[in-house]
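Numbering (the numbering used here), first residue to last: 576 to 803.
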């Protein structure tokens, strides 16, 4: 769906607890479009529609505004707000953000955290104390971030028993192609999680889209590869 994706991205590293340098700079995509997901969507969002809907960023920061009503100043403010949103998401994710992990095979829901590694290559879903890792996914290989209504019926059937009705609106399923981790192990291709609330869910979707593009655009084409 997305063409060539990176296996191991190498954006600049930052200090522990800080977003790596460059995360605040929205990447420029082929054709000159910036990967901006400001409220109202429009042309800059064309490259991101495959991962989510047009108003994801507006939901994530609680604002909505039609593009026709936006002035240049307003668009600049929206871009700055998005950059700050992604920076804060990266900082929080380096420390670990509480969520629930849904084990489809065991039909269990477990308290967990999601974390990004220092280079933003990988997102992992771990137990709160870090003693267990439930899934590790390559950010650059992400293909879909699905809400509950977009999850396959077969997967929903495994969640209906352990998942509370009120939690279903906060379900997200991350799906990706396989990649090779630094330790030589294959990455996971899916993770199903429950976010704490709708705001956290929309922030996760929006920021993961941007970080996926950031990861891909900061890896030279000659180094990109996809495992078969």
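C-beta atoms are modelled at their ideal positions from N, C-alpha and C, and glycine is treated no differently.
Short Cβ contact (9 angstroms threshold) for residue i with residue j
i           : j           : result
residue 749 : residue 723 : no
residue 766 : residue 676 : yes
residue 668 : residue 698 : yes
residue 660 : residue 790 : no
residue 763 : residue 711 : yes
residue 670 : residue 650 : no
residue 734 : residue 682 : yes
residue 662 : residue 720 : no
Cut-off 7 angstroms between Cβ atoms - residues of its own chain near residue i, not counting five sequence neighbours on either side
i           : result
residue 779 : 747 and 770
residue 743 : 723
residue 613 : With a pLDDT of only 36 at residue 613, under 50, the local geometry of the prediction cannot be trusted, and no value is derived from it.
Own chain residues within Cβ distance below 6 angstroms of residue i, not counting five before or after
i           : result
residue 797 : Residue placement at residue 797 is flagged as unreliable, the pLDDT there being 34, under the threshold of 50; the coordinate-derived value follows with that caveat. The answer is none, since no qualifying residue turns up.
residue 752 : 716
residue 708 : 699 and 701
residue 786 : 695 and 714
residue 652 : none
residue 726 : 748
Nearest to residue i (by Cα), restricted to the options the options
i           : options               : result
residue 696 : 716, 761, 729 and 739 : 716
residue 714 : 725, 693 and 707      : 693
residue 788 : 718, 702, 680 and 646 : 718
residue 736 : 670, 680, 772 and 655 : 680
residue 739 : 684, 672, 650 and 662 : 684
residue 657 : 793, 792 and 777      : 777
residue 673 : 721, 792, 775 and 784 : 775
Cβ distance (whole Å) where residue i is taken to contact residue j below 8 angstroms
i           : j           : result
residue 687 : residue 705 : That pair is no contact at about 10 angstroms.
Neighbourhood of residue i by C-beta distance below 8 angstroms, restricted to the same chain and skipping five residues each side
i           : result
residue 730 : 679, 748 and 767
residue 772 : 745
Any non-hydrogen atom of the ligand MN within 8 angstroms of residue i CB
i           : result
residue 757 : For the structure depicted, the ligand MN is absent and the ligand set is empty, with no information on it obtainable.
With a floor of 3 residues, list each beta strand (DSSP E) that falls wholly inside the region 669-732, ordered by position along the chain. Runs of the beta strand (DSSP E) spanning 3 or more residues and lying entirely within the region 669-732 occur at 672-678, 683-691, 697-701, 708-713 and 717-722, in chain order.
Every unbroken beta strand (DSSP E) within the region 747-799, with a cutoff of 3 residues, ordered by chain: Taking only runs of at least 3 residues, the beta strand (DSSP E) segments lying wholly in the region 747-799 are 765-769.
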